[in-house]
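Q:
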Amino acid sequence: MIPEIGHFALVLALSVALVQGVFPLWGSFTGKLQWISMARPAAFAQLFFLVISFACLLYAFVSDDFSVLYVASNSNTQMPTIFKVSALWGAHEGSLLLWAMVLAGWGAAVAFFGKGIPSLMLARVLSIMGLICVGFMLFMLMTSNPFERLVNIPLQGRQLNPLLQDIGLAIHPPLLYMGYVGMSVAFSFAMAAMMGGKLDAAWARWARPWTNFAWVCLTFGIALGSWWAYYELGWGGWWFWDPVENASLMPWIVGTALIHSLAVTEKRASFKVWTVLLAILAFSLSLLGTFLVRSGVLTSVHSFASDPARGLFILIFLLVVIGSSLLLFAFRAHKLKSTGTFSLISRESGLLVNNVILMVMAATVLLGTLYPLIIDALGSGKISVGPPYFNAIIVPLALVLFFVMGFGFYLRWKKDSIERVLRKTWIPLAAALLIALIVPWLMTSEFNIKTILGLFAGSWISLSALMWILSLGSSPFKLPLATWGSVIAHIGMAITVVGITVVSLYDSEKDVRLEQGQSYELAGYTYTFKNIESIKVDNYSANRATMDVSQNGKLITTVYPEKRDYGPGAMPMTEAGIDAGFTRDLFVALGEQLGNNAWSFRLYHKPFVRWIWLGGILMGLGGLLAAFDKRYRRVRRRSLQVSQRDTQSEQTTKPSSLSGASA
Amino acid sequence: MIPRLFIIAFTLLLFASAQAVKIEFHSFENKQQEKLYLQLIAELRCVKCQNQNLAESNAELAKDMRDKAYQIIISGGTRDDVIKYMTDRYGEFVLYRPRFGLKTILLWVGPAVFLLLSLMFLIKLIKKQQKEPVAPLSERDRESVRKLLDSKDT
Amino acid sequence: MNKKFFIPLIAFAALAGLMLFGLSNDPKLIPSPFIGKPAPEFNLPRLDKPGETLSVDDMKGKVWILNLWASWCVSCRAEHRVLSDLIAKEKIPTVGLNYKDYGTEDYGDAAKQWLDTLGNPYYAVVIDKDGMAGIDWGVVGVPETFIMDKKGIVRYKFTGPVYQEAVDKTLIPLLEKLRKEEG
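Chains Z, F and H, in that order, give the protein sequences. Sequence positions in the first sequence follow our numbering and run 1 to 663. Sequence positions in the second sequence follow our numbering and run 1 to 154. Sequence positions in the third sequence follow our numbering and run 1 to 183.
1. Against F/Lys48, what residues of chain H qualify as contacts under a CB-to-CB distance less than 7 Å, listed in chain order?
2. Give the secondary structure of Z/Thr558 by DSSP, where H, G and I count as helix, E and B as strand, and everything else as coil.
3. Taking the alpha-carbon positions, what's the F/Thr11 to Z/Ala570 distance?
4. How is Z/Asn355 classed by DSSP in three states: helix, strand or coil?
5. For Z/Ala201, tell me which candidate among Z/Val102, Z/Ile117 and Z/Thr256 has the shortest Cα-Cα distance.
6. In the DSSP assignment, the beta strand (DSSP E) including H/Trp72 goes from what residue to what residue?
7. Quick check on H/Pro38: does DSSP put it in helix, strand or coil?
8. Listed from N- to C-terminal order along the chain, which residues in the stretch 23-38 of chain H have their beta-carbon within a distance smaller than 7 Å of any beta-carbon of chain F?
9. Verify the CB distance criterion: does F/Lys68 have a CB-CB separation below 7 Å to chain H?
10. State the CB to CB distance for the pair H/Ile147 and H/Leu174, rounded to an integer number of angstroms; the pair is presumed to be in contact (CB under 8 Å).
11. What ranges does the beta strand (DSSP E) occupy inside the stretch 8-91 of chain F, keeping only unbroken runs of at least 3 residues that lie completely in it?
12. Where in the stretch 105-162 of chain Z do unbroken runs of the alpha helix (DSSP H), each at least 4 residues long, occur, reported from the N-terminal end onward?
13. Which residues does DSSP list as the beta-bridge partners of Z/Trp599?
14. At a CB-CB cut-off below 9 Å, which residues of chain H make contact with F/Gly91?
15. Mind pulling the chain F residues with CB within less than 7 Å of H/Ile135?
16. Using the Cα positions of Z/Trp228 and Z/Leu169, report the straight-line distance between them to the nearest angstrom.
17. Starting from the C-beta of Z/Gln641, find all residues in its chain whose C-beta is less than 8 Å away, skip the five residues before and the five after it, and write them out in chain order.
18. Quick check on DSSP: helix, strand or coil for Z/Glu4?
19. Whose CA, out of Z/Ser486, Z/Met38, Z/Leu69 and Z/Asn596, lies closest to the CA of Z/Gly623?
20. What is the DSSP secondary structure of Z/Leu586, reduced to helix, strand or coil?
21. What residues of chain Z sit near H/Phe158, judged by a beta carbon separation below 7 Å?
22. Under 8 Å: do the stretch 474-481 of chain Z and the stretch 530-542 of chain Z share three or more Cβ pairs, one atom per stretch?
23. Look up Z/Tyr604 in the DSSP assignment and say whether it is helix, strand or coil.
24. With a Cβ-Cβ cutoff of 7 Å, do Z/Ala626 and Z/Asn354 count as a contact?
25. For the stretch 494-511 of chain Z, list every residue whose C-beta sits within 9 Å of some C-beta in chain F, in sequence order.
26. For Z/Leu658 and Z/Leu336, I'd like the C-alpha separation in whole angstroms.
27. Taking only three categories from DSSP, how would you classify Z/Pro428?
28. Look up Z/Thr546 in the DSSP assignment and say whether it is helix, strand or coil.
29. Can you grab the Cα-Cα spacing for the pair F/Ile8 / F/Gln50, in whole Å?
30. Given F/Asn53, which residues of its chain have a CB within under 8 Å of its CB, disregarding the five upstream and five downstream residues?
31. Please give the ranges of any beta strand (DSSP E) in the stretch 69-141 of chain H, keeping only runs that are unbroken, at least 3 residues long and fully inside the region.
32. If we call anything under 7 Å between Cβ atoms a contact, is Z/Phe66 one with Z/Gly157?
33. At the level of alpha carbons, what is the spacing between Z/Ala692 and Z/Asp507?
34. Grab the span of the beta strand (DSSP E) containing H/Asn43 for me, first residue to last.
35. With 16 other CB atoms within 10 Å as the buried threshold, where does Z/Trp238 fall?
36. How many Å lie between Z/Lys563 and Z/Ser519 at the Cα?
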């Protein structure tokens with residue numbers, strides 16, 4: 001009964017979303033106020049039904065209702081409750097339901113917090129979000145119903161893929177989905193602006209915090225995924241340039257560009273067309289990623305069960321959403337006139353350079369991801385494009401970006417001079433150069449250009465950001481949150497860069513065979529294999545080795561690498577023993593038994609690897625702080641009063657006196 | 001129902017290749033050989049797997065291919081020898097670092113061309129917007145309007 | 001209206017075409033680079049005649065098939081009937097390459113039993129114990145079937161279990177064509 005309620009609630013949510021998608025939009029063009037005012041209640045109702053639907057599926061999982069095909073395929077009674085819950089989004093159907101619910105959640109949040117947005121604009125934004133959700137729910141109901149029942153009810157379910165029975169992967173997908181779907185808010189705002197033919201500073205202020213939130217979710221989601229891959233896959237790798245990872249990286253890069261471009265649109269009324277295009281692209285790339293992951297078009301380690309019918313549906317959905325938005329863009333973009341002019345040396349130009357480099361990076365990732373498909377389509381056979389390619393192209397681009405980034409803080413709007421900026425930046429520039437040259441020399445006594453470049457980028461960005469915030473004069477507590485957010489996020493980037501540089505160039509690994517009591521030394525640490533035992537936990541049994549790690553004869557830590565067995569049908573899993581540290585990780589993976597007392601181990605020394613994710617956390621925090629800046633709240637209250645006027649005046653808006661130069 | 005379950009079972013198999021570390025021991029005559037071996041198995045693709053290099057894959061075929069690479073290196077073969085051996089048998093699909101050639105020219109040169117074009121476009125655009133007539137409303141006017149709006153309720 | 005605002009739309013149209021192609025494309029199917037090239041050499045011990053060996057050279061001068069199989073391979077069992085019928089009908093010398101067929105105490109026990117129960121259609125069965133001959137032939141997964149012409153050039157590769165339709169539509173016409181060619 002409960003699954004049927006869930007199914008029914010999903011159908012209801014679809015109907016509500018249809019209403020939300022059609023009437024307010026229609027009303028916004030015909031001027032029917034009743035229809036316009038349907039947007040907000042519909043957004044709340046849609047979320048309500050989707051939460052019910054989601055709760056029903058959750059109940060089916062927690063109560064081990066194996067009459068539901070999806071539950072039977074992804075859960076069993078032995079799994080701990082937390083993994084029964086996360087199993088809900090562990091496979092295709094359930095993850096779609098989560099998508100839809102998160103999308104409705106964003107819609108409802110916009111409806112709730114967006115009281116100050118002119119009702120015409122709000123109606124259009126919510127309508128577009130409703131239409132997007134219609135697509136997802138139709139997709140679910142037509143090809144991937146999570147509530148489908150089984151005729152022969154099995155006593156026990158299959159289990160969730162053991163790889164996914166992990167806390168990191170329990171929260172990683174929801175965060176990523178929040179990010180992907182969150183980009184739909186900026187997308188909808190952009191669409192609404194093009195429909196209205198008007199885009200002003202207030203628009204940018206409404207769109208900015210939402211874009212920031214979505215970007216923050218993406219940032220945390222990607223960092224978490226990378227961290228998960230690091231400790232769970234047993235290879236000590238943290239980024240593989242797999243199509244699925246690329247699918248999450250592209251919207252992140254474009255989202256980063258969008259955040260910066262929105263700043264110009266808000267402060268200087270420039271880059272309007274460009275901002276709108278970026279908003280469309282960020283969400284389009286999220287959708288494209290979904291298509292690539294779920295259609296089986298590309299081979300990926302993480303691919304979902306591929307089904308051509310699903311692929312075709314998503315493709316059609318993609319055509320409708322992206323196609324219509326770009327069509328609208330083609331015909332309406334010229335209406336969005338930018339006004340602020342600026343000279344070659346100015347903050348605007350700096351941000352444009354930032355945007356250009358970011359877009360080239362995103363295009364490179366897209367090109368590399370799709371290139372095998374292009375070659376195949378041209379009938380030239382099969383090729384692979386992997387990490388060596390991406391590293392070779394992205395790293396130099398990133399270095400240029402980082403170099404420009406440091407100057408960016410000091411650039412003035414509208415017009416600046418090279419001399420003035422250099423006067424402000426020569427100290428951090430010189431200091432960063434000094435650090436980059438001296439530190440590696442002291443640590444390794446060798447000269448490696450890659451280390452120098454990486455360290456220079458990291459210290460240059462962070463020093464320049466720090467000195468900038470100090471130079472602002474006022475007490476740090478009086479500075480706007482957005483300023484703090486920006487500095488913290490950029491320092492986060494710097495920390496990630498240093499982490500990537502050091503761990504890529506100076507990590508060491510060794511495969512060893514050890515008998516109990518034997519030791520092996522790697523990178524100054526001595527690993528001693530003490531003993532091995534069998535343990536049994538709810539959902540798996542394991543061999544667990546005890547390994548002491550000492551340095552200069554002193555015991556530092558003991559790690560417990562495991563090899564887990566999740567029962568019949570599942571491959572054995574490696575659970576690495578990791579001693580995490582600020583400047584290094586010691587990473588031990590347990591292999592197989594080789595004779596009586598001997599086991600194989602893989603040892604890693606990973607210097608500064610934590611910095612990669614530490615930087616990610618700082619980036620996310622910075623974005624969060626910026627989103628909470630009080631000027632976004634102010635604009636909400638202020639525009640409450642003007643919204644009524646906007647509603648009435650828009651239909652007759654002439655090209656306003658603000659129009660001037662076009663971007 | 002059966003085919004659906006089959007698809008799910010199949011997906012689980014796809015994931016399987018990403019699990020449990022398989023550890024082998026190879027001894028090399030010198031550091032260069034070891035470095036070359038590690039570099040090659042990281043850059044060669046396991047043809048049977050979803051998207052994994054030889055180093056990370058536990059598939060039998062990946063192990064055989066690693067062994068083959070090891071044999072070639074240990075008997076004095078160079079990087080090119082290993083790559084030639086693998087591409088002769090599996091085509092360019094095994095190379096994660098696509099060769100530079102007619103087929104891949106867009107891949108390798110594309111980003112640079114795109115960067116140059118965008119920068120040129122950028123400079124043109126900045127120059128162009130500077131020449132256009134200044135907006136009728138000056139910055140000072142707009143700032144005052146903004147202040148007025150902002151101050152209404154704060 | 002401004003023409004440059006249509007650029008994103010056009011780029012997306014191209015992308016959509018590419019994705020449509022992708023839907024009907026199997027990314028896992030790797031074409032063999034051997035087509036049109038001389039068959040890779042091997043000289044392997046025979047399973048059916050212990051003590052003897054067979055090399056690719058021995059097959060020179062005739063059109064022949066190389067079929068990679070193993071007793072543990074489920075799809076090999078699936079194709080066995082179709083393949084046997086083809087061999088009997090076309091009287092085509094077919095070498096079975098028994099790929100990494102361990103799992104029994106003495107190598108080949110399972111393979112021999114397999115041939116005893118299902119029938120042995122092969123002209124000769126050779127043993128590739130460590131899979132190195134398989135790699136020389138670019139094996140991805142058994143079963144795989146190669147067709148060589150009289151000059152010893154690889155002319156065709158079939159990946160996966162052969163099925164009747166492929167035999168009738170592709171394999172038999174190809175074999176007849178190759179037989180007519182000069183040796």
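Quick reminder that beta carbons are idealized off the backbone N, C-alpha and C, glycines included. Fair warning: this is a prediction, and the values are worked out from it, not measured in the lab.
A: In brief:
1. In the second sequence, residue 48 of chain F corresponds to position 48, counting from 1. Listed along chain H are Val140 and Gly141, each with a C-beta nearer than 7 Å to that of F/Lys48.
2. Locating residue 558 of chain Z in the first sequence gives position 558, counting from the first residue. Secondary structure of Z/Thr558 (DSSP, three-state): strand.
3. In the second sequence, the residue the question calls residue 11 of chain F occupies position 11. In the first sequence, the residue the question calls residue 570 of chain Z occupies position 570. Residue confidence is low: F/Thr11 scores 36 on pLDDT, short of 50, so the model does not pin down where it sits. Its coordinate-derived value is still stated next. The C-alpha of F/Thr11 lies about 12 Å from the C-alpha of Z/Ala570.
4. Position 355 of the first sequence, counted from the first residue, corresponds to residue 355 of chain Z. Shown here, Z/Asn355 sits in a helix according to DSSP, grouped into three states.
5. Here residue 201 of chain Z corresponds to residue number 201 of the first sequence, with the count starting at 1. Among Z/Val102, Z/Ile117 and Z/Thr256, the Cα nearest to that of Z/Ala201 is on Z/Ile117.
6. Translated into the one-based positions of the third sequence, residue 72 of chain H becomes position 72. No beta strand (DSSP E) contains H/Trp72, which DSSP labels as neither H nor E.
7. Start at 1 with the first residue of the third sequence, and residue 38 of chain H comes out as number 38. Collapsing the DSSP output to three states places H/Pro38 in a strand.
8. Interface annotation for the stretch 23-38 of chain H against chain F: Ile30, Pro31 and Pro33, criterion Cβ-Cβ distance under 7 Å.
9. Position 68 of the second sequence, counting from 1, holds the residue named residue 68 of chain F. It does; some Cβ of chain H falls within 7 Å.
10. As a working note, residue 147 of chain H is residue 147 in the third sequence. As a working note, residue 174 of chain H is residue 174 in the third sequence. Yes, H/Ile147 and H/Leu174 are in contact; Cβ-Cβ is about 6 Å, under 8 Å.
11. The stretch 8-91 of chain F contains no whole beta strand (DSSP E) run of 3 or more residues.
12. Look at the stretch 105-162 of chain Z and you find these whole runs of alpha helix (DSSP H), each 4 residues long or longer: 119-143.
13. Position 599 of the first sequence, counted from the first residue, corresponds to residue 599 of chain Z. Paired residue(s): Z/Leu514 and Z/Gln593.
14. Translated into the one-based positions of the second sequence, residue 91 of chain F becomes position 91. By Cβ distance, chain H contributes Ile30, Pro31, Ser32, Pro33 and Gly138.
15. Mapped onto the third sequence, residue 135 of chain H falls at position 135. Contact note: H/Ile135 reaches chain F through Asp64, Met65, Lys68 and Arg89, using a C-beta cutoff of 7 Å and chain order.
16. Reading the first sequence from its first residue, position 228 is the one you call residue 228 of chain Z. Reading the first sequence from its first residue, position 169 is the one you call residue 169 of chain Z. Near 7 Å, if we compare the C-alpha coordinates of Z/Leu169 and Z/Trp228.
17. Counted from its first residue, the first sequence places residue 641 of chain Z at position 641. Here the model assigns Z/Gln641 a pLDDT of 46, short of 50, so the residue's position is not dependable, and the following value carries that caveat. Nothing meets the Cβ criterion.
18. Along the first sequence, read from residue 1 onward, the residue named residue 4 of chain Z stands at position 4. Taken through DSSP and simplified to helix, strand or coil, Z/Glu4 comes out as helix.
19. As a first step, residue 623 of chain Z must be located in the first sequence, where it is residue number 623. Among Z/Ser486, Z/Met38, Z/Leu69 and Z/Asn596, the Cα nearest to that of Z/Gly623 is on Z/Ser486.
20. Start at 1 with the first residue of the first sequence, and residue 586 of chain Z comes out as number 586. In the displayed model, Z/Leu586 falls within a strand according to three-state DSSP.
21. Taking the first residue of the third sequence as 1, we reach residue 158 of chain H at position 158. Here the premise fails: no neighbours, minimum Cβ distance about 17 Å.
22. Contact fails: fewer than three Cβ-Cβ distances are below 8 Å.
23. Counting from one through the first sequence, the residue named residue 604 of chain Z turns up at place 604. It is a strand residue.
24. For this step, residue 626 of chain Z is matched to residue 626 along the first sequence. For this step, residue 354 of chain Z is matched to residue 354 along the first sequence. No, the Cβ-Cβ distance between Z/Ala626 and Z/Asn354 is not below 7 Å.
25. Along the stretch 494-511 of chain Z, going in chain order, the ones with a CB nearer than 9 Å to a CB of chain F are Glu509 and Asp511.
26. Position 658 of the first sequence holds residue 658 of chain Z. Position 336 of the first sequence holds residue 336 of chain Z. Note that Z/Leu658 has pLDDT 34, beneath the 50 cutoff, so the model's placement of it is unreliable and no number is given.
27. As a first step, residue 428 of chain Z is located in the first sequence; it is residue number 428 there, counting from the start. Z/Pro428 carries a helical assignment under DSSP once its states are collapsed to helix, strand and coil.
28. By 1-based counting over the first sequence, the position of residue 546 of chain Z is 546. Strand, per DSSP.
29. Numbered from its first residue, the second sequence carries residue 8 of chain F at position 8. Numbered from its first residue, the second sequence carries residue 50 of chain F at position 50. Confidence at F/Ile8 is low in this model, with a pLDDT of 36, below 50, so the placement of that residue should be treated as unreliable; the coordinate-derived value is given next. When only Cα atoms are considered, F/Ile8 and F/Gln50 end up about 16 Å apart.
30. Looking up residue 53 of chain F in the second sequence gives position 53. Within the same chain, F/Asn53 has close Cβ partners Ile41, Ala42, Glu43, Leu44, Arg45, Cys46 and Tyr96.
31. Secondary structure in the stretch 69-141 of chain H: the beta strand (DSSP E) runs of 3 residues or longer, each lying completely within the stretch, are 94-99 and 124-128 in chain order.
32. Start at 1 with the first residue of the first sequence, and residue 66 of chain Z comes out as number 66. Start at 1 with the first residue of the first sequence, and residue 157 of chain Z comes out as number 157. Yes, these two residues count as a Cβ contact at 7 Å.
33. Any answer about residue 692 of chain Z is impossible in this case: the structure gives chain Z only from 1 up to 663.
34. Working through the third sequence from its first residue, we reach residue 43 of chain H at position 43. Taken as a continuous stretch (DSSP letters only), the beta strand (DSSP E) holding H/Asn43 covers Asn43 to Pro45.
35. What you label residue 238 of chain Z is simply residue 238 of the first sequence in a count that begins at 1. With 16 or more Cβ atoms within 10 Å of its Cβ, Z/Trp238 is classed as buried.
36. The residue labelled residue 563 of chain Z in the question sits at position 563 within the first sequence. The residue labelled residue 519 of chain Z in the question sits at position 519 within the first sequence. Each residue's alpha carbon lies about 20 Å from the other.
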